[in-house]
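Trainee:
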Amino acid sequence: MTDHAKVRLTTGDVLIVQTGDIGPVVVAPRDHDGAGCHALIVARPRPDTMSGEFLSLVLNSDCGYNALKRIQTGASHLHLDCTYVREVPVPVPPLIEQQAVVEEAEHRMTALDGLVARNREVIDRLQEYRTALISAAVTGKIDVREARA
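Pasting the structure below:
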(Lines of atoms letter the chains of each structure in order from A and count residues from 1; the text may use other names and numbers.)
(Lines give C-alpha, C1' and ligand atoms only; values in the text may rest on other atoms or scores of the structure.)
Protein backbone atom coordinates (compact mmCIF):
# COMPACT_ATOMS: atom_id res chain seq x y z
CA MET A 1 0.00 0.00 0.00
CA THR A 2 1.43 3.40 -0.90
CA ASP A 3 1.66 6.12 1.74
CA HIS A 4 -0.98 8.08 -0.21
CA ALA A 5 -3.43 5.16 -0.04
CA LYS A 6 -2.95 4.92 3.74
CA VAL A 7 -4.43 8.38 4.29
CA ARG A 8 -7.52 7.76 2.13
CA LEU A 9 -10.53 6.43 4.00
CA THR A 10 -12.28 3.23 3.04
CA THR A 11 -15.80 2.36 4.19
CA GLY A 12 -15.50 0.44 7.46
CA ASP A 13 -12.20 2.01 8.56
CA VAL A 14 -12.06 2.69 12.28
CA LEU A 15 -10.97 6.24 13.13
CA ILE A 16 -9.16 7.10 16.36
CA VAL A 17 -8.07 10.59 17.41
CA GLN A 18 -4.27 10.65 17.39
CA THR A 19 -3.44 13.92 19.16
CA GLY A 20 -5.46 15.38 22.01
CA ASP A 21 -8.04 13.79 24.26
CA ILE A 22 -9.33 10.39 23.20
CA GLY A 23 -12.76 10.98 21.73
CA PRO A 24 -15.29 8.50 20.42
CA VAL A 25 -13.88 5.89 18.06
CA VAL A 26 -15.99 5.90 14.90
CA VAL A 27 -16.42 3.90 11.70
CA ALA A 28 -15.94 5.69 8.38
CA PRO A 29 -19.29 5.78 6.57
CA ARG A 30 -19.73 5.04 2.85
CA ASP A 31 -20.10 8.70 1.93
CA HIS A 32 -16.54 9.35 3.19
CA ASP A 33 -14.99 6.63 1.02
CA GLY A 34 -11.81 8.03 -0.54
CA ALA A 35 -11.72 11.13 1.68
CA GLY A 36 -8.37 12.34 2.91
CA CYS A 37 -7.47 11.79 6.52
CA HIS A 38 -5.23 13.83 8.80
CA ALA A 39 -4.50 13.65 12.53
CA LEU A 40 -6.38 10.39 12.93
CA ILE A 41 -5.23 6.83 13.31
CA VAL A 42 -6.97 4.70 10.71
CA ALA A 43 -7.44 1.09 11.76
CA ARG A 44 -8.40 -1.07 8.81
CA PRO A 45 -9.60 -4.44 10.12
CA ARG A 46 -9.46 -7.42 7.79
CA PRO A 47 -13.08 -7.97 6.66
CA ASP A 48 -12.72 -11.75 6.92
CA THR A 49 -11.74 -11.46 10.60
CA MET A 50 -13.33 -8.39 12.16
CA SER A 51 -15.93 -5.77 11.37
CA GLY A 52 -15.13 -2.10 11.86
CA GLU A 53 -18.35 -1.69 13.82
CA PHE A 54 -17.29 -4.37 16.31
CA LEU A 55 -13.79 -2.92 16.70
CA SER A 56 -15.34 0.50 17.30
CA LEU A 57 -17.59 -0.94 20.03
CA VAL A 58 -14.63 -2.62 21.72
CA LEU A 59 -12.49 0.54 21.64
CA ASN A 60 -15.40 2.68 22.88
CA SER A 61 -15.98 0.34 25.83
CA ASP A 62 -14.48 1.20 29.22
CA CYS A 63 -11.88 -1.51 28.67
CA GLY A 64 -10.92 -0.20 25.22
CA TYR A 65 -10.87 3.44 26.33
CA ASN A 66 -8.65 2.59 29.31
CA ALA A 67 -6.31 0.57 27.08
CA LEU A 68 -5.93 3.59 24.78
CA LYS A 69 -5.41 5.92 27.78
CA ARG A 70 -2.63 3.64 29.10
CA ILE A 71 -0.64 3.92 25.88
CA GLN A 72 -1.19 7.66 25.42
CA THR A 73 2.03 9.68 25.68
CA GLY A 74 2.90 13.35 26.10
CA ALA A 75 2.51 15.83 28.92
CA SER A 76 1.18 18.95 27.21
CA HIS A 77 -0.03 17.36 23.95
CA LEU A 78 -1.47 13.92 24.49
CA HIS A 79 -0.69 11.58 21.62
CA LEU A 80 -1.36 8.00 20.51
CA ASP A 81 1.34 6.15 18.62
CA CYS A 82 -0.07 3.77 15.97
CA THR A 83 2.59 1.22 16.86
CA TYR A 84 1.16 0.93 20.38
CA VAL A 85 -2.46 1.06 19.20
CA ARG A 86 -1.77 -2.07 17.13
CA GLU A 87 -0.83 -3.86 20.36
CA VAL A 88 -4.12 -3.15 22.18
CA PRO A 89 -5.71 -6.54 22.88
CA VAL A 90 -9.07 -6.96 21.16
CA PRO A 91 -11.31 -10.03 21.39
CA VAL A 92 -11.96 -11.61 18.01
CA PRO A 93 -15.11 -13.75 18.14
CA PRO A 94 -16.47 -15.24 14.90
CA LEU A 95 -17.95 -12.65 12.51
CA ILE A 96 -21.49 -13.89 13.16
CA GLU A 97 -21.05 -13.23 16.90
CA GLN A 98 -19.55 -9.81 16.17
CA GLN A 99 -22.60 -8.96 14.07
CA ALA A 100 -24.94 -10.13 16.85
CA VAL A 101 -23.09 -7.95 19.39
CA VAL A 102 -23.22 -4.93 17.06
CA GLU A 103 -26.95 -5.43 16.39
CA GLU A 104 -27.75 -5.77 20.11
CA ALA A 105 -25.69 -2.67 20.94
CA GLU A 106 -27.42 -0.67 18.19
CA HIS A 107 -30.83 -1.85 19.43
CA ARG A 108 -30.04 -0.78 23.00
CA MET A 109 -28.55 2.56 21.91
CA THR A 110 -31.64 3.30 19.82
CA ALA A 111 -33.84 2.59 22.85
CA LEU A 112 -31.66 4.84 25.02
CA ASP A 113 -31.73 7.61 22.40
CA GLY A 114 -35.53 7.45 22.49
CA LEU A 115 -35.56 7.76 26.28
CA VAL A 116 -33.15 10.70 26.15
CA ALA A 117 -35.34 12.46 23.57
CA ARG A 118 -38.46 11.93 25.71
CA ASN A 119 -36.66 13.21 28.80
CA ARG A 120 -35.57 16.33 26.91
CA GLU A 121 -39.18 16.96 25.91
CA VAL A 122 -40.31 16.61 29.53
CA ILE A 123 -37.56 18.96 30.72
CA ASP A 124 -38.53 21.53 28.07
CA ARG A 125 -42.19 21.29 29.11
CA LEU A 126 -41.32 21.66 32.81
CA GLN A 127 -39.19 24.73 32.03
CA GLU A 128 -42.16 26.24 30.17
CA TYR A 129 -44.43 25.52 33.16
CA ARG A 130 -41.87 27.07 35.52
CA THR A 131 -41.67 30.22 33.39
CA ALA A 132 -45.47 30.46 33.21
CA LEU A 133 -45.78 29.95 36.99
CA ILE A 134 -43.21 32.64 37.76
CA SER A 135 -44.91 35.01 35.32
CA ALA A 136 -48.33 34.36 36.88
CA ALA A 137 -46.95 34.89 40.40
CA VAL A 138 -45.16 38.14 39.47
CA THR A 139 -48.18 39.60 37.63
CA GLY A 140 -50.57 38.70 40.46
CA LYS A 141 -52.57 36.14 38.47
CA ILE A 142 -52.09 33.66 41.31
CA ASP A 143 -51.91 34.33 45.03
CA VAL A 144 -48.73 32.85 46.49
CA ARG A 145 -49.03 34.32 50.02
CA GLU A 146 -50.79 31.26 51.43
CA ALA A 147 -48.46 28.83 49.68
CA ARG A 148 -45.63 29.83 52.04
CA ALA A 149 -47.58 29.01 55.19
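Going left to right, the sequence shown walks through residues 1 to 149 as my numbering numbers them.
For every residue, glycine included, the Cβ atom is placed at its ideal position computed from N, Cα and C.
From the DSSP output, in three-state form, read off Gly36 for me.
Mentor: Strand at Gly36.
Trainee: Taking a contact to mean a Cβ-Cβ separation below 8 angstroms, would you say Leu15 touches Leu40 in this structure?
Mentor: In contact: Leu15 and Leu40 (Cβ atoms closer than 8 angstroms).
Trainee: The beta strand (DSSP E) that contains Val14, what's its start and end?
Mentor: Segment Val14 to Val17, the beta strand (DSSP E) holding Val14.
Trainee: Could you spell out where the alpha helix (DSSP H) holding Thr139 opens and where it closes?
Mentor: Neither: Thr139 is in no alpha helix (DSSP H) and is coded neither H nor E.
Trainee: Got a sec, what are the start and stop residues for the alpha helix (DSSP H) Arg46 sits in?
Mentor: It is not in any alpha helix (DSSP H) - Arg46 carries neither H nor E in the DSSP assignment.
Trainee: Taking 8 angstroms as the cut-off, decide whether the C-beta atoms of Asn60 and Pro89 are in contact.
Mentor: The answer is no: Cβ separation not under 8 angstroms.
Trainee: Assign Tyr129 to one of three DSSP states: helix, strand, or coil.
Mentor: Residue state, collapsed to three classes: helix.
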